[in-house]
Amino acid sequence: MVKTGFSREEKDRYSRNLMLPGVGEAGQERLRSGRVTVVGAGGIGSAALFYLAAAGVGRLTIVDGDTVELSNLQRQILHRMTDLGRAKVDSAKDALIALNPHCQVEIRKVRLDAANISEVLEDGGLVLDASDNFPTRFLIADYCWLNRITLVSAAVAEFTGQLLVVDPEQGSPCYRCLLPEPPEDRPRGILGSVAGVLGCLQATEAVKLLLGWGSDLVQALLTYDALKCRFHVMPRARAAECPLCGENPKITGLSAWAGGCAPL
Ligand SMILES: [Zn+2]
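Quick note on numbering that gives the first Met the number 0: the sequence shown kicks off at 0 and runs consecutively.
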């Protein structure tokens, strides 16, 4: 049976949402019936998941195969000292339920690969990529594009971050229009609060999408430079030679990912 109406406790909890222009109970109901999958319970995912749970998004799925390490605590604010050695998905779920027990939190303790991505992301609703490496980011981008799933992709390095939305139904340029193939990953520092900024922005775009308001980032890229304290929003364009969404796409399925490496 579909739940309707909100309890007194929920009305109190969400009162600052309910007062927002254009939200009200109808908007809150959209959030409650919303479903979001977040890949990565690290620095970006911590902030995104906290705000999505706090906002009252009804169903959250967390995908992460790692365990909590001491070096994570500099930026991954879902996790505590007492969580060291635990699976990040378990630690994250406990933190989110402690914040908002109304959220249904599902966990998948796996590292995404070509063999499991269909099963993990199937029926997961909106996908938020908060992963920390290029192969995973490209795999998610390819999968979501091929399956017409809306993707909010956030990434950080050192003092900078970027955010974009790909909605295949809105004629978005795909991720590979921006970056045709994965660059080499190398370990880099990350200012923890920069990951938090990007996670907050990612959650904000997700909430707008769940409310049906859309996102200007379906056709644009947002970048953040913390050292200069500057945000830039620049238009993204469809690339005719794009290997995924171009005129003669080379990537038409995930079979090229079977060896674990990114195609091309
Ligand atoms: Zn493309």
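All residues carry an ideal CB built from backbone N, CA and C; glycine is no exception.
Thinking residue i and residue j are a contact (beta carbons under 8 Å), I'd like their distance in whole angstroms, please.
i	j	result
Asp131	Gly198	The pair is not a contact, with the Cβ atoms about 12 Å apart (cut-off 8 Å).
Ala156	Arg187	5 Å
Trp256	Ala113	3 Å
Val109	Val119	6 Å
Gln73	Gly191	5 Å
Leu221	Arg235	Actually they are not in contact, since the Cβ atoms of Leu221 and Arg235 sit about 10 Å apart, beyond 8 Å.
Between residue i and ligand 1, is the CB less than 7 Å from at least one heavy atom?
i	result
Pro264	Since the first and last residues shown for the chain are 0 and 263, residue 264 lies out of range.
Cys238	First, the residue type needs correcting, since residue 238 is Ala and not Cys in the sequence shown. Yes - ligand 1 has a heavy atom lying nearer than 7 Å to the Cβ of Ala238.
Cys176	yes
Leu243	yes
Enumerate in chain order the residues of its own chain whose CB-to-CB distance from residue i is below 7 Å, with the five nearest sequence positions on each side excluded.
i	result
Val35	Leu51, Val56, Leu59, Gly124, Leu125, Leu127, Ala205
Leu216	Leu162, Leu163, Val164, Glu204
Leu208	Leu125, Thr149, Ser214
Asp82	Val67, Ser90
Ile250	Asp141, Pro242, Leu243, Pro262
Out of the options, state which residue places its alpha-carbon closest to the alpha-carbon of residue i.
i	options	result
Gln169	Glu180, Cys241, Arg147, Ala156	Arg147
Ser6	Leu19, Val22, Arg31	Arg31
Val165	Phe158, Tyr142, Thr159	Tyr142
Ile76	Ala236, Leu200, Ala47, Arg235	Ala47
Glu24	Tyr223, Met233, Leu210	Leu210
Leu243	Asp224, Arg175, Ile61, Ile43	Arg175
Leu200	Val151, Glu8, Phe158	Val151
Gly160	Leu145, Ser171, Ala129	Ala129
Glu8	Leu111, Gly21, Asn99, Leu220	Asn99
Arg107	Asp122, Leu221, Asp63, Pro167	Asp63
Glu240	Trp144, Leu178, Leu190, Asp224	Leu178
Val37	Gln73, Leu72, Leu95, Arg185	Leu95
Ala202	Pro181, Gly44, Lys227	Gly44
Trp212	Arg29, Pro181, Asn71	Arg29
Distance, Cα to Cα, residue i vs residue j?
i	j	result
Phe133	Glu183	8 Å
Gln218	Leu19	26 Å
Pro172	Gly26	28 Å
Gly195	Gly42	6 Å
Ala54	Asp224	27 Å
Phe49	Thr135	22 Å
Asp11	Asp93	22 Å
Pro167	Trp144	6 Å
Within the same chain, show all residues whose beta-carbon is closer than 8 Å to that of residue i, passing over the 5 residues directly before and after it, in chain order.
i	result
Ile116	Leu138, Ile139, Tyr142, Leu253
Val22	Asn16, Leu210
Phe158	Leu190, Val193, Asp224, Ala225, Leu226
Excluding the 5 residues preceding and the 5 following residue i in the sequence, name in chain order all residues of the same chain whose CB lies nearer than 6 Å to its CB.
i	result
Asp65	Lys87
Met0	Low confidence applies here, because Met0 scores a pLDDT of 49, under 50, leaving its location unreliable and the question unanswered by this model.
His231	Thr222
At the 8 Å Cβ level, is residue i part of the contact set with chain B, yes or no?
i	result
Ile76	The structure shown has no chain B; it contains just one protein chain.
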